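Visitor: With the working numbering as the guide, the letters of the first sequence map in order to residues 17 to 509.
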Amino acid sequence: MAKELKELTKRSENYSEWYNQLVVKADLAEQSDVRGCMVIKPYGYAIWEKMQQTLDGMFKETGVQNAYFPLLIPKSFLSREAEHVEGFAKECAVVTHYRLKTNAEGDGVVVDPNARLEEELIIRPTSETIIWNTYRNWIRSYRDLPILCNQWCNVMRWEMRTRLFLRTSEFLWQEGHTAHATKEEAEDRAKLMLKIYAEFAEKYMAVPVVQGVKSETERFAGALDTYTIEAMMQDGKALQSGTSHFLGQNFGKAFDVQFLNKDNKPEYAWATSWGVSTRLMGALIMTHSDDNGLVLPPALAPLQVVIVPIWKTGEQLEALNAKAGEIASNLKSMGISVKYDNADNKRPGFKFADYELKGIPVRLVIGSRDLENGTVEVMRRDTLEKETVSLDGIEAYVKNLLDQIQENIYKKAVAFRDSHIYECESYDEFKEKVKDGGFFLCPWDGTVETEAKIKDDTQATIRCVPFGVEQKPGIDMVSGKEAKYRVLIAKAY
RNA sequence: CGGGAAGUAGCGCAGUUGGUUAGCGCACCUCGUUAGGGACGAGGAGGUCGGGCGUUCGAGUCGCCUCUUCCCGACCA
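1) Let me know if ALA98 comes out buried or exposed under the rule of 16 or more other beta-carbons within 10 Å of its beta-carbon.
2) For LEU319, which residues in the same chain have their Cβ closer than 6 angstroms to its Cβ, ignoring the five residues on either side in sequence?
3) Would you say MET54 and GLU186 are within 9 angstroms of each other, going by their C-beta atoms?
4) Can you tell me whether GLU20 is buried or exposed, with buried defined as 16 or more other CB within 10 angstroms of its CB?
5) Report the residue from PRO313, PRO224, LYS91, THR463 whose alpha carbon sits nearest the alpha carbon of ALA254.
6) Name the DSSP bridge partner or partners of ARG132?
7) Are HIS261 and TYR243 touching if we call contact CB-CB under 9 angstroms?
8) Mapping the DSSP letters down to three states, classify GLY496 as helix, strand or coil.
9) Measuring CA to CA, which of LEU88, ARG96, THR145 is closest to THR112?
10) Have a look at the DSSP bridge pairing and note the partners of ILE470.
11) What are the residues that DSSP puts in a beta bridge with ASP72?
12) Can you tell me whether ALA18 is helix, strand or coil according to DSSP?
13) Go ahead and pull the three-state DSSP assignment for GLU246.
14) Along the chain, where does the alpha helix (DSSP H) containing THR303 start, and where does it finish?
15) Taking all protein chains shown into account, decide if GLN475 is buried (16 or more other Cβ within 10 angstroms of its Cβ) or exposed.
16) With a threshold of 8 angstroms, are at least 3 pairs of Cβ atoms found where one atom belongs to the stretch 184-202 and the other to the stretch 137-146?
17) Looking at GLU393 and VAL381, is the spacing between their C-beta atoms short of 9 angstroms?
18) How would you call ALA412, buried or exposed, if buried means at least 16 neighbouring beta carbons within 10 angstroms?
19) Measure how close the beta-carbons of LEU94 and ILE138 come, nearest whole angstrom, since I'm counting them as under 8 angstroms.
20) Strictly by DSSP, which residues pair up with THR150?
21) Could you pull out every unbroken alpha helix (DSSP H) segment of at least 4 residues lying fully inside the stretch 180-255, listed in chain order?
22) Which one of PHE432, PRO129, MET302 has the shortest CA to CA distance from TYR114?
23) Check whether the Cβ atoms of LEU116 and VAL125 lie closer than 9 angstroms to each other.
24) Let me check understanding here. Comparing Cα to Cα, which of LEU24, ILE343, TRP154 lies closest to VAL322?
25) Can you say whether LEU312 is buried or exposed, counting buried as having 16 or more other CB atoms within 10 angstroms of its CB?
26) Am I right that GLU234 and ILE478 are in contact with their C-beta atoms under 8 angstroms? What's the rounded C-beta distance?
27) Rounded to the nearest angstrom, what separates LEU310 and TYR501 at their Cα positions?
28) Suppose only complete runs of 4+ residues qualify. What are the alpha helix (DSSP H) ranges in the stretch 344-424, listed by chain order?
29) Could you tell me the distance, in whole angstroms, from the CA atom of LEU182 to the CA atom of ARG295?
30) Who are PHE446's beta bridge partners in DSSP?
31) Decide if LEU400 is buried, meaning its Cβ has at least 16 other Cβ atoms within 10 Å, or exposed.
32) In the DSSP assignment, what are the bridge partners of VAL481?
33) Enumerate in chain order the residues of its own chain whose CB-to-CB distance from ALA237 is below 7 angstroms, with the five nearest sequence positions on each side excluded.
34) Please return the same chain residues whose Cβ sits closer than 8 angstroms to the Cβ of ILE491, not counting the five positions on each side in sequence.
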């Protein structure tokens, strides 16, 4: 009975519900009582922390430094860049007052009408404006450049509809903001950061991504070019997992950030910004997980190995404690995170199911029988295969297995994605097939009209002009005009 | 902001044409037996039925108002 209640909805039955249940039951996060916001629970946060540490290290290798800028932005800053304000204005939370007072006509507190701010403050939806307002004071000469700052912070966007990790009103992210003396250097930086995101997704998250550049309509508000990584979820929908923007001199001009170049001529600084968010958690969950729960890549699992003892008597437990403790400490000295779970208030079956739900990559089960035989049962989460192996050299076996799991889930995700990428040149065929999800490589004439029609007809959008895809000539499947690009089209989260 | 649905214990729900002390499953606590795939038995704790006003001898149930949440759209990372 207990089993039925804890079981997840099957992925194939209702993908959204499966995802929601998984997030809650695996103890990653829950819906907050505060509108559209999310509580990230310790286990979910531990995974986020692993991502953070890894990414942060990769950023620093390219010379990026961390900094921190204010949460509140004067309203006027936002309107300095025309496209930027248009993109974000409709989802900004605004601070209008700075004081409450006790309610004269009843319980509680009310906003003190006398405490209205002269200029309202907005809660950052992104920080380009306040950062470029600050950069103005930091930049005088080409010798001050480049500036390569990143901040880890929260932002707020008042979304109409929210989903755990994928779209919440408040979310955690990193936003990098760089200033450069030349256009080329800024463009290179925007591309470099995209490369880093792609490497992180594939190497650590084991999530294959398509890299590319966004169409004009899908571009970041205020950018000249938006580069993106797009991942495919198991329902065939695309998830934009990270973006890197070449901002040109838009923000330099809007915030009057000028420097003297080598020729002693004033010039506006060139900008990039790039970010990934807790949405990556959604990508991680939806790429690998199955009907038994989460499947975590060993590279990001907060706990890589769990050891479960099985015993009847106190003496047996003592013997198991000794052996398992030895294995655990050996594994730890190899840099592997291990938990030895000899709690006696949960039965083994419960522990098995629970650690599977949480996606722990490797489980070792050791009982008195094994101790006599010098063996241990090893289960890998990705395939759920069990094997009984010798206790001799178990540490090396586990280390190797973790590497294999990391590789296997990546290969599996690549195979899934590749089998759901279709080349398509007929609009009728496209409309029919896109209902079931997948990525579609199609010729596009480059016009906004065609793009809008595809979206109206099918809800699918042009995700990007992918890099590394042969740009062979073709005919736009909607307009019948000559195609300018071969684009990736998909329904997206 | 349009169109649907729902608010009863931590979670999931039942509650008949209005009628005594508001139930059930899971989870939780205690004791015991158990332990190689989500244990079993016995006992126990937990509720101003989202809020307000009204109708009535009597409201979880009927009426009006209000708040919130979820789903489908439009918008978005």
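Yeah, the Cβ is synthetic: ideal placement off N, Cα and C, and Gly gets one too.
Note that this is a predicted model, so its numbers are computed, not measured.
Guide: Quick answer:
1) Translated into positions along the first sequence, residue 98 becomes position 82. Of the residues assessed, ALA98 falls on the exposed side of the cut-off, its CB having fewer than 16 other CB atoms within 10 angstroms.
2) In the first sequence, the residue the question calls residue 319 occupies position 303. Around LEU319: SER353, LYS355, ILE376.
3) Translated into positions along the first sequence, residue 54 becomes position 38. Translated into positions along the first sequence, residue 186 becomes position 170. It is a contact, given that the beta carbons lie within the stated cut-off.
4) Working through the first sequence from its first residue, we reach residue 20 at position 4. For GLU20, the predicted model reports a pLDDT of 41, less than 50, meaning its position is unreliable; a value from the coordinates is still stated below. Result: exposed.
5) Position 238 of the first sequence, counting from 1, holds the residue named residue 254. Cα-wise, what sits closest to ALA254 is PRO224.
6) Taking the first residue of the first sequence as 1, we reach residue 132 at position 116. The partner list for ARG132 (beta bridge, DSSP) reads HIS113.
7) Residue 261 sits at position 245 when you count from the first residue of the first sequence. Residue 243 sits at position 227 when you count from the first residue of the first sequence. Contact flag set, yes.
8) For the purposes of this step, residue 496 is taken as residue 480 along the first sequence, with counting starting at 1. In this structure, GLY496 counts as coil in the three-state DSSP scheme.
9) In the first sequence, counting from the first residue as 1, residue 112 sits at position 96. THR112 has its Cα closest to that of LEU88, out of LEU88, ARG96, THR145.
10) For this step, residue 470 is matched to residue 454 along the first sequence. Paired residues: none, contrary to the question.
11) Within the first sequence, the letter at position 56 stands for residue 72. DSSP lists no partner for ASP72.
12) What you label residue 18 is simply residue 2 of the first sequence in a count that begins at 1. Annotation note: pLDDT 37 at ALA18 (below 50); position unreliable, no value reported.
13) Your numbering for residue 246 matches position 230 in the first sequence. In the structure shown, GLU246 sits in a strand (DSSP, three-state: E or B).
14) Counting from one through the first sequence, the residue named residue 303 turns up at place 287. Taken as a continuous stretch (DSSP letters only), the alpha helix (DSSP H) holding THR303 covers 295-304.
15) To locate residue 475, count along the first sequence from 1; it is residue 459. Label assigned to GLN475: exposed.
16) yes
17) Locating residue 381 in the first sequence gives position 365, where the first residue counts as 1. Locating residue 393 in the first sequence gives position 377, where the first residue counts as 1. Taking 9 angstroms as the Cβ cut-off, VAL381 and GLU393 qualify as a contacting pair.
18) Counted from its first residue, the first sequence places residue 412 at position 396. Flag for ALA412 reads exposed.
19) Sequence index remark: in the first sequence, residue 94 carries index 78 (1-based). Sequence index remark: in the first sequence, residue 138 carries index 122 (1-based). Taking C-beta atoms under 8 angstroms as the contact rule, LEU94 and ILE138 qualify, at a distance of about 6 angstroms.
20) Start at 1 with the first residue of the first sequence, and residue 150 comes out as number 134. According to DSSP, THR150 bridges with nothing at all.
21) Counting only runs of 4+ residues, the alpha helix (DSSP H) found wholly inside the stretch 180-255 occupies 199-215, in chain order.
22) For the purposes of this step, residue 114 is taken as residue 98 along the first sequence, with counting starting at 1. The candidate whose alpha carbon is nearest that of TYR114 is PRO129.
23) In the first sequence, the residue the question calls residue 116 occupies position 100. In the first sequence, the residue the question calls residue 125 occupies position 109. Result yes, Cβ atoms of LEU116 and VAL125 sit closer than 9 angstroms.
24) Locating residue 322 in the first sequence gives position 306, where the first residue counts as 1. The residue with the shortest Cα to Cα distance from VAL322 is ILE343.
25) Translated into positions along the first sequence, residue 312 becomes position 296. Buried.
26) Taking the first sequence and counting its residues from 1, the one referred to as residue 234 is at position 218. Taking the first sequence and counting its residues from 1, the one referred to as residue 478 is at position 462. Going by Cβ atoms, the distance from GLU234 to ILE478 rounds to 7 angstroms, so yes, they are a contact pair.
27) Here residue 310 corresponds to residue number 294 of the first sequence, with the count starting at 1. Here residue 501 corresponds to residue number 485 of the first sequence, with the count starting at 1. If I take the Cα positions, the gap works out to 38 angstroms.
28) 364-373, 384-389
29) As a working mapping, residue 182 is identified with position 166 in the first sequence. As a working mapping, residue 295 is identified with position 279 in the first sequence. One C-alpha to the other measures close to 5 angstroms.
30) The sequence position of residue 446 within the first sequence is 430, counting from 1. Beta-bridge pairing links PHE446 to no other residue.
31) Taking the first sequence and counting its residues from 1, the one referred to as residue 400 is at position 384. Looking at its Cβ environment, which holds fewer than 16 other Cβ atoms inside 10 Å, LEU400 is exposed.
32) For the purposes of this step, residue 481 is taken as residue 465 along the first sequence, with counting starting at 1. Answer is VAL229.
33) The residue labelled residue 237 in the question sits at position 221 within the first sequence. Cβ neighbours of ALA237 beyond the five flanking positions: GLU99, HIS100, GLU102, GLY103, PHE104.
34) As a first step, residue 491 is located in the first sequence; it is residue number 475 there, counting from the start. Excluding sequence neighbours, ILE491 sits near GLU441, PRO459, LYS497, GLU498, ALA499.
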